[in-house]
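Heads up: the sequence shown is residues -1 to 747, going by the working numbering. Where is the CB? At the ideal position from N, CA and C, for every residue including glycine. Let me begin by presenting the structure, written as structure tokens, before commenting on it.
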Amino acid sequence: MDGKEPYIRQQEEGENLYSRLQKKTLEEVQRLSGKVWTDFNVHDPGVTLADIANYALTETSYKLGFDLADYLTGEGENFNPKRFGLFPPGEVYTTAPVTTEDYRRLFFSHIPELENVWVECDPATGGYTVKIVLPPFNKEVKSEALVERVQMVYNEHRNLCEYLNQVIVVKPEELEFHARFEIEPGQDATLMLVEIYQIILRYLSGAVSISTPEEQEISGMPLEEWLEGSDDTVRVVIPRQQNTEYELYNKLWQVKGIKSFSVCYLMKNNEPLTNFSGGYSLKIPRKKDDLKVDIYCGCSQVQVDMEKFTKQLSELYNTKVYIPEEKRNYQWAGLKGTNHDIFTHYPIARDFPACYNLSPDRKPLTSFEAYLKLYDQTIEQGLSEVKKLDRLLSIEAKDIDYPVSHNIYALKSRYMDFLDQLYCVESQPAWMEEFDNYGETKEEILRRRAGFLRYIAYLIKNRAQARNITDSDGKENVAVAKEWFCRLLGISWNENRSVGNVLASHNLMLMKTNGKGKIPRNFINARLIDERILENCHMEPIVHEKQPEDENEKFEQYSRLRTELPVFNQNFISSGLFRGGIFLDNYRLVLADENEYMLVFRNREENIWMNLGRTNKKVELNSLANILRYYLQELNHACETLYIVEPVLSKSHPFTLSLVLPSWTARFWSPRFREVCRDLLRSILPAHLSGTIYWLNIAFMQEFEDCYRLWRQALAKQYMDDVEMLQDTMNGILKKVKDKDKNTLDDTY
């Protein structure tokens, strides 16, 4: 049979699963019963059950025999590997620009109008100088427009502690082509001259080759090789050239239709040039008198149509087109998945002969029907777990919260551990457990880990990328190292909001646990001294309640805190309550009097119990404890962020960073957590960068954020005097920080 035609292979006797199951079943029955056998008839329930059960197992085996991608494909959908943290080649194999050659490829890819571009980097400052050559034909392209596009492309791909110093439009010295060659009969001399000039133009500009992703399959090149060194799916190749007359000549004589060259020079100041490394362009003849090329066919000189020559050369040169973003996001064909309707199971009791008088729907069931039900439950449970496999392995937010089996946390965590190993990251570092995961529930941990892993390919690729300084918006325009840090910790990276204003915006003031603020605080707190009712035997733990997802419901709950908990009668909040209140274990219910309960809080920073409220409604106090815990957890999260300041942008301290974080939250207040944060930042940031980590209190943070916002705006508008002044102001604020609130970004991690 033709191998291209589909056919079903006939299985050998005993090869199929049913036959093997039957054989093993009968062997086991014979082993157990000896040589005493009944006849094989419908009145023998043991043999009949074995026969029917083996059919059910064979059918189940078929249902479980499809490719994994099939089970991960929903009805009417295509298989989407990103849903499961398996990213496409364009996101995994591509790399962000790092070297000058990387940036050169980047400019060629995004700005096809460039005739040539050279990129230089000052190793002492990290400042880049980009030299560009305008196209020889397209006079509509203005130098100012090209300079702006170079600036835009660079700043969108700028790395930390690097900057664009200047963009220079250069006009390379033009070389004049002198040649005499013979062509074969029947060739169009004008078109051949166009091809020769095109080859010389490309050679002098680096012979850059730009390929769209659709060309990959034709090339036969593996995807990892195709995408190596590319920022996206567009492949840019700048070949290594000797830039010599000999190398160029080897390309020219291979033009189809040329018999021989007798003269072939590129002339500079009427002298033949043999080395083109200095960077040159080609003079394009517009008139017949400007052409220094003689073309022969046999003994006859062939004339060139100059109008046709310039038009054809211009059209050929301008075939370089801009590749839009949608084509750069090209998706290569990958695994295919087919959804199968396999999850329906019919009770095996229905397959028994009618003489058994079995009914799986009978109530109550007979003992034999109940026994058969065990088979059905086992198969149904297995199919049910397979049906939930797509949601189990999914890292999308919508698939985190849904009713599943009790071991969902362990199973999902194991899969996320697998993704961690696949990408060599830690979405749940061991040190997170030291701080009880910030009081997170298991579902909250999964949600945070999934949020980090959904972007891990982007974070790894662009880890060294800085913010775009030409854009003052700070919602998404942040350094990727900051986004990595914030996603891992589950906090916001939005720089349009001030963490120094979070508590004030909730009409709250943080009271110190020591120092000048301690005396007035003692008169405000409802402190409880030790007595019998505060013994463990008289206390009840708080029962966890899930927070509503609807924002309006959450707002209503938070409003209850203000009216129902006396601790909010003033706008002062204890630091111990603010930081320790995120842990539900610190709350207790105490029977204060007959039918009256207190909600008390263990302030571990001062080792005291605080009375938060009292009522005769025990359930209400339990709910208020949960609401308060969520409220304080959100406040702590909202107060946490990271600012990355690059002093080099104001022409000072190259390759040095100032990393600014708040000091007053539950985690950031801990010396141990600050230590692991330093290690984390050191592992994320490029190894050649140094710097200092500053932990600011609320007052310093408000001053800093005010300057930082103006500094960002001044950079975007290129008000360099203001940039330097604001940088000095920020430096002054950071100098006030005490040594205990500083960490050096060293290599001790």
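query, result
"Cut-off 6 Å between Cβ atoms - residues of its own chain near K385, not counting five sequence neighbours on either side", "F341"
"Length at least 4, wholly inside the region 223 to 248: the alpha helix (DSSP H) runs in chain order", "none"
"Nearest-angstrom Cα separation, counted from Q329 out to D339", "28 Å"
"Residue burial classification, D719 (beta-carbon count within 10 angstroms, cutoff 16)", "exposed"
"Pair within 8 Å by beta-carbon distance, L363 and I346", "no"
"Segment contact flag, the region 171 to 180 with the region 112 to 127, C-beta cutoff 8 Å, min 3 pairs", "no"
"Beta-ladder partner(s) of M537, from DSSP", "V588"
"Candidates H542, V115, K552, of which the one nearest G204 by Cα", "V115"
"In DSSP terms, what E146 is bridged to", "Answer is none; E146 lacks a bridge partner."
"Selected residue, minimal CA-CA separation from T336, among T56, D349, L70", "L70"
"The region 699 to 717 contacting the region 484 to 498, beta-carbon criterion three pairs below 8 Å", "yes"
"Limits of the unbroken alpha helix (DSSP H) element including R577", "573 to 578"
"Whole-number beta carbon distance between I580 and N634, since they are thought to touch under 8 Å", "6 Å"
"Enclosing beta strand (DSSP E) for Q375 [first to last residue]", "Per DSSP, Q375 belongs to no beta strand (DSSP E); it is in the alpha helix (DSSP H), 365 to 385."
"Reference G472, options T639, L390, P283, E554, closest by Cα", "T639"
"Closest Cα partner of G488 within the set H504, K510, K733, L444", "L444"
"Buried or exposed (CB count within 10 angstroms, at least 16 for buried), M507", "exposed"
"Rounded straight-line distance, which links the Cα of G277 to that of L202", "7 Å"
"Which listed residue (N157, P134, L162) has its alpha carbon closest to that of R147", "L162"
"Beta-carbon proximity of R326 to V235, cut-off 8 Å", "no"
"Bridge partners - V500, DSSP secondary structure assignment", "Paired residue(s): none; V500 is not in a bridge."
"Closest residue to P660 among L501, D434, T23, E474 (Cα-Cα distance)", "L501"
"Per-residue burial, C297 [other beta carbons within 10 Å of its own, 16 or more giving buried]", "exposed"
"Nearest-angstrom Cα separation, counted from Y152 out to N268", "39 Å"
"Touching by the beta-carbon criterion (3+ pairs, under 8 Å), the region 428 to 441 and the region 665 to 672", "yes"
"CB contact flag (G227, R103, <8 Å)", "yes"
"P564 versus T93: straight-line alpha-carbon distance, rounded", "56 Å"
"Per-residue DSSP class, three states only, for C760", "With the chain covering -1 to 747 only, the question about residue 760 has no answer from this structure."
"Buried versus exposed, by CB contacts within 10 Å (16 or more), N569", "exposed"
"Collapsed DSSP secondary structure at A479 in the structure displayed", "helix"
"From V96, K306, G574, residue whose alpha carbon lies closest to that of M509", "G574"
"Whole-number beta carbon distance between L559 and Y629, since they are thought to touch under 8 Å", "6 Å"
"Cβ contact (3+ pairs, closer than 8 Å) linking the region 188 to 201 and the region 271 to 285", "yes"
"For Q463, the nearest candidate out of L687, R29, R612, A51 (CA to CA)", "L687"
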